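Just so you know, the sequences run in chain order A and B. Here the first sequence stands for residues 788 to 1040, where the numbers follow the working numbering. Here the second sequence stands for residues 788 to 1040, where the numbers follow the working numbering. We put the CB at the ideal spot given by N, CA and C, even for glycine. For clarity, every value in this text was computed on a predicted model and none was experimentally measured.
There are 2 protein chains.
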Amino acid sequence: MPASRTADDRNAPQRCQSCVLRQTGICSALTAEQVTRLSRVSHHRTFEPGEVILRSDDKPMFWAGVVTGVVKLTKLLVDGRQQIVDLLFPSDFVGRPFSKQTPYFAEAAVRTELCCFRIADFEKMLSDNPDMKQHLFEHTLNKLDTAHDWMVLLGRKTAEERVASLLYLLVTRARLAQSLDSKDACVPSFELHLKREEMASFLGLTYETVIRQIKALDSQGIITINSRREFSVSNLETLRLAAAWVRAEDLTI
Amino acid sequence: MPASRTADDRNAPQRCQSCVLRQTGICSALTAEQVTRLSRVSHHRTFEPGEVILRSDDKPMFWAGVVTGVVKLTKLLVDGRQQIVDLLFPSDFVGRPFSKQTPYFAEAAVRTELCCFRIADFEKMLSDNPDMKQHLFEHTLNKLDTAHDWMVLLGRKTAEERVASLLYLLVTRARLAQSLDSKDACVPSFELHLKREEMASFLGLTYETVIRQIKALDSQGIITINSRREFSVSNLETLRLAAAWVRAEDLTI
DNA sequence: CGTTCGCTTGAGCCTTTTCAACCACTGTGG
DNA sequence: CCACAGTGGTTGAAAAGGCTCAAGCGAACG
């Protein structure tokens, strides 16, 4: 699946040092020299919106970290019903280690840049770097925690709470990403990376219901609809309450 | 939380060699001698049905493997709504490593025997035994996969499919456990370890709906109700179809 | 022998889905 | 330049699946 090395890949050693994975992701466990060594077996690849990154049941050929963009992980039922089971943001990982089969479809939601490793290189990398393995282990444990939180949403929350939960998650994500770039503390407005249909698929609803609940949140003044893909949130705490979110710490997706 | 060492614990070295955890669980990664050494810092503890094992948000004091019984992991919303996010069976683990807070309530569903370690001993054990850590890592990855499967159930399946899914999961579990003891290939009838209410909480339904769907499965001949807590399944494949389960391999809970 | 807990059943209601139509925007080709 | 198709988004009306509420049953247990 990964294309051959691009011209860009030959700049890898420099590029790697400023990568998001280096700063907060898996490469933060490495020394500068180790990163340089690693950069020789990694290569970047860009996926367009809707492009499939990994196919369910396929033998995994590569493993990757998300550098920019958003990846959705979806599962299908035999009759075509589908559910997004996770959204991946920069510093998250795509691929199922230690398995003969990929358990989901990974698809780019927006234009997405991945840092890819061949499976063999990746597994060697892990056994060579216990700290890296530890990082990935803890990341997996966090993912399990947030999956459990999402199960509460899917099992028990109302449609309005679900939509509020997703918007809260996305606005928090946006703040997080922004505070890394600039020191701007508040994000009044944020852009939606997802279609209504994708929101619905992640929330266990239909897209019509999502539309109606977004409108309901707007008419209650909890959010303001700027355009189809952009919203403002004046009071984050109000949104959190509307989401029936248990604790802020739960928000690690 | 763990009680002081019992008389039983002094027999630990012998007991450990025949334990489920030794055969298929985390201790399978150890030599007999390592197990003996480990048995000195472990101790067993029994929990009665409904007894709380770990409390959400508490600092984790111990970590344990399930030897016998069933443990349910539940999450609560502020207003009291609750969702069971996982069921643990023998050879599963209770406790969240590498975290300051337990992310859920762990409660015994039936009489349950745990093999407990103090957190400090446990973390030392992991760093001393890379194979053990690897085992736990892969176990966590499996748990994540099954959590994703359950998200599909909660987000997309009908009430009948949900109930069928749970029964299929439990009957498969029962077969698995039985084939370890005897070589009996088929389990026509199996006992339910859960109350209707617990089934509902795991399935994102109300218990009335669970009751009605069990009845519906019975009247379609997919299962037979022997008693309130015991069912028979003549054709496992029919049940699997009713459950809209994607693949048999998904069933690792 | 009464109480409690778990389970069952029924009736009506409500949230969400389904179905269908329509709108807004974008890119394409005549 | 405009007709056209295609995609994503919006709205309304009707249907339905599952929930709520209420009552009753049965086994276990003190």
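Using a Cβ cut-off of 8 Å, pull out every chain B residue sitting near Lys-862 of chain A, in sequence order please. To locate residue 862 of chain A, count along the first sequence from 1; it is residue 75. Within chain B, the residues near Lys-862 of chain A are His-935, Asp-936, Met-938, Val-939, Val-1033.
Report the rounded CA-to-CA distance for Leu-1028 of chain B versus Thr-993 of chain A, giving the unit in angstroms. The residue given as residue 1028 of chain B occupies position 241 in the second sequence. The residue given as residue 993 of chain A occupies position 206 in the first sequence. So the alpha carbons of these two residues sit roughly 24 Å apart.
Mind checking Thr-899 of chain B: buried by the 16 CB within 10 Å criterion, or exposed? Numbered from its first residue, the second sequence carries residue 899 of chain B at position 112. So Thr-899 of chain B ends up on the buried side.
C-alpha distance - Val-807 of chain B paired with Gly-837 of chain B, whole-angstrom precision: Taking the first residue of the second sequence as position 1, residue 807 of chain B is located at position 20. Taking the first residue of the second sequence as position 1, residue 837 of chain B is located at position 50. Distance between the alpha carbons of Val-807 of chain B and Gly-837 of chain B is about 23 Å.
Closest by CA to Phe-885 of chain A, which one among B:Ala-987, B:Val-881, B:His-922, B:Glu-1017? For this step, residue 885 of chain A is matched to residue 98 along the first sequence. Of the listed residues, the one whose Cα sits closest to Phe-885 of chain A is B:His-922.
Using the beta-carbon count (16 or more within 10 Å), is Lys-887 of chain B buried or exposed? Within the second sequence, residue 887 of chain B is the residue found at index 100, counting from 1. With fewer than 16 Cβ atoms within 10 Å of its Cβ, Lys-887 of chain B is classed as exposed.
Indicate whether at least one CB of chain B lies closer than 7 Å to the CB of Lys-887 of chain A. The residue you call residue 887 of chain A lines up with position 100 of the first sequence. No, no contact with chain B.
Using CA coordinates, which residue listed in A:Asn-916, A:Gln-810, A:Gly-942, A:Arg-1016 is at the minimum distance from Leu-954 of chain A? The residue labelled residue 954 of chain A in the question sits at position 167 within the first sequence. Checked all of A:Asn-916, A:Gln-810, A:Gly-942, A:Arg-1016; the closest Cα to Leu-954 of chain A is A:Arg-1016.
In this structure, how does DSSP classify Leu-1026 of chain B when only helix, strand and coil are distinguished? Mapped onto the second sequence, residue 1026 of chain B falls at position 239. Three-state result, Leu-1026 of chain B: helix.
Residues that Pro-890 of chain A contacts on chain B, provided the C-beta gap is smaller than 7 Å: Against the first sequence, residue 890 of chain A aligns to sequence position 103. By Cβ distance, chain B contributes Asp-932, His-935.
Residues of chain B with a CB under 8 Å from the CB of Leu-928 of chain A: which are they? In the first sequence, the residue the question calls residue 928 of chain A occupies position 141. Correct list: Arg-883, Pro-884, Phe-885, Ser-886, Thr-927.
If I measure Cβ to Cβ from Ser-805 of chain A and keep anything under 6 Å in the same chain, skipping five residues before and after, which residues do I get? Taking the first sequence and counting its residues from 1, the one referred to as residue 805 of chain A is at position 18. Closer than 6 Å at the Cβ level, and outside the excluded window around Ser-805 of chain A, lies no residue.
Would you list, in sequence order, the uninterrupted beta strand (DSSP E) runs of no fewer than 3 residues that lie entirely inside the region 821–899 of chain B? DSSP assignment within the region 821–899 of chain B yields the following whole beta strand (DSSP E) runs of 3 residues or more, N-terminal first: 829–834, 839–841, 849–855, 858–863, 869–875, 892–895.
Determine which residues share a DSSP beta bridge with Glu-978 of chain A and list them. Position 191 of the first sequence, counted from the start, is the residue given in the question as residue 978 of chain A. Under DSSP, Glu-978 of chain A forms a beta bridge with A:Glu-1017.
Does the Cβ of Val-1020 of chain B have 16 or more other Cβ atoms within 10 Å, making it buried, or fewer, making it exposed? Counting from 1 along the second sequence, the entry for residue 1020 of chain B is found at position 233. The residue is buried, with at least 16 neighbouring Cβ atoms inside 10 Å.
Under 6 Å Cβ to Cβ from Arg-949 of chain B, same chain only, skipping five residues before and after it: list those, please. Against the second sequence, residue 949 of chain B aligns to sequence position 162. Here the set comprises Leu-940, Leu-990.
Please list the residues of the region 832–849 of chain B that have a C-beta atom closer than 7 Å to any C-beta atom in chain A, keeping them in chain order. Result list empty, no residue passes.
Please compile the residues from chain B whose C-beta is within a distance smaller than 7 Å of the C-beta of Gln-1000 of chain A. Numbered from 1 along the first sequence, position 213 holds the residue referred to as residue 1000 of chain A. Residues of chain B passing the Cβ test: none, with the nearest at roughly 16 Å.
Interface flag, Phe-876 of chain B vs chain A, CB-CB below 7 Å: Translated into the one-based positions of the second sequence, residue 876 of chain B becomes position 89. No - not a single Cβ of chain A is within 7 Å of the one on Phe-876 of chain B.
Would you mind working out which of B:His-935, B:Gly-852, B:Ile-998 sits nearest Ser-826 of chain B, comparing C-alpha positions? Working through the second sequence from its first residue, we reach residue 826 of chain B at position 39. The alpha carbon of Ser-826 of chain B has as its nearest neighbour, out of B:His-935, B:Gly-852, B:Ile-998, the alpha carbon of B:Gly-852.
Check whether the Cβ atoms of Ala-951 of chain A and Leu-1023 of chain A sit closer than 7 Å, and answer yes or no. Counted from its first residue, the first sequence places residue 951 of chain A at position 164. Counted from its first residue, the first sequence places residue 1023 of chain A at position 236. The answer is no: Cβ separation not under 7 Å.
Where Glu-835 of chain B and Glu-894 of chain A are concerned, what is the direct C-alpha to C-alpha distance, given to the nearest angstrom? As a working note, residue 835 of chain B is residue 48 in the second sequence. As a working note, residue 894 of chain A is residue 107 in the first sequence. Answer to the nearest angstrom: the Cα atoms are 45 Å apart.
So Lys-944 of chain B is in the alpha helix (DSSP H); what residue range does that whole segment cover? By one-based count along the second sequence, residue 944 of chain B stands at place 157. Taken as a continuous stretch (DSSP letters only), Lys-944 of chain B belongs to no alpha helix (DSSP H), as it is neither H nor E.
Within 6 Å: the Cβ of Lys-1002 of chain B and any heavy atom of the ligand NAD? The model depicted lacks the ligand NAD and carries no ligand whatsoever.
Using the C-alpha atoms, what's the distance from Leu-864 of chain A back to Lys-911 of chain B? Position 124 of the second sequence, counted from the start, is the residue given in the question as residue 911 of chain B. Position 77 of the first sequence, counted from the start, is the residue given in the question as residue 864 of chain A. Lys-911 of chain B and Leu-864 of chain A: Cα-Cα distance of roughly 42 Å.
At the level of alpha carbons, what is the spacing between Arg-868 of chain B and Gln-821 of chain B? By 1-based counting over the second sequence, the position of residue 868 of chain B is 81. By 1-based counting over the second sequence, the position of residue 821 of chain B is 34. C-alpha separation (whole angstroms): 44 Å.
Any C-beta of chain B sitting closer than 7 Å to the C-beta of Val-950 of chain A? In the first sequence, residue 950 of chain A corresponds to position 163, counting from 1. Not closer than 7 Å to any Cβ of chain B, the Cβ of Val-950 of chain A fails to qualify, so no.
Using the Cα positions of Lys-1002 of chain B and Arg-883 of chain A, report the straight-line distance between them to the nearest angstrom. In the second sequence, the residue the question calls residue 1002 of chain B occupies position 215. In the first sequence, the residue the question calls residue 883 of chain A occupies position 96. Roughly 39 Å between the two C-alpha positions.
Find the residues of chain B that neighbour Gly-991 of chain A, judging by a C-beta separation of less than 7 Å, and give them in chain order. As a working mapping, residue 991 of chain A is identified with position 204 in the first sequence. Correct list: Leu-941, Gly-942, Arg-943.
Going by DSSP, what residue range makes up the alpha helix (DSSP H) through Leu-784 of chain A? With chain A represented from 788 up to 1040, any question about residue 784 of chain A goes unanswered, as that position is not in the structure.
Tell me which residue opens and which closes the alpha helix (DSSP H) that Ile-906 of chain A is part of. The residue labelled residue 906 of chain A in the question sits at position 119 within the first sequence. Segment 906–915, the alpha helix (DSSP H) holding Ile-906 of chain A.
Buried or exposed for Ala-934 of chain A, please, with buried defined as at least 16 other CB atoms from any protein chain shown within 10 angstroms of its CB. As a first step, residue 934 of chain A is located in the first sequence; it is residue number 147 there, counting from the start. That one is buried.
Please report how far the alpha carbon of Ser-889 of chain A lies from the alpha carbon of Pro-890 of chain B, in whole angstroms. Translated into positions along the first sequence, residue 889 of chain A becomes position 102. Translated into positions along the second sequence, residue 890 of chain B becomes position 103. Ser is not the amino acid found at residue 889 of chain A; the sequence shown has Thr there. As the crow flies, the alpha-carbon of Thr-889 of chain A is around 27 Å from that of Pro-890 of chain B.
Where Thr-833 of chain A and Asp-866 of chain A are concerned, what is the direct C-alpha to C-alpha distance, given to the nearest angstrom? Looking up residue 833 of chain A in the first sequence gives position 46. Looking up residue 866 of chain A in the first sequence gives position 79. Using only the alpha carbons, I get a separation of about 31 Å.
Relative to the C-alpha of Leu-981 of chain A, which candidate in A:Gly-942, A:Gly-856, A:His-831, A:Trp-937 has its C-alpha closest? For this step, residue 981 of chain A is matched to residue 194 along the first sequence. The shortest Cα separation from Leu-981 of chain A among A:Gly-942, A:Gly-856, A:His-831, A:Trp-937 belongs to A:Gly-856.
Closest to Asp-1005 of chain B by C-alpha separation, out of B:Ala-987, B:Ser-815, B:Phe-1018, would be which residue? Within the second sequence, numbered from 1, the residue matching residue 1005 of chain B stands at position 218. Nearest of B:Ala-987, B:Ser-815, B:Phe-1018 to Asp-1005 of chain B, Cα basis: B:Phe-1018.
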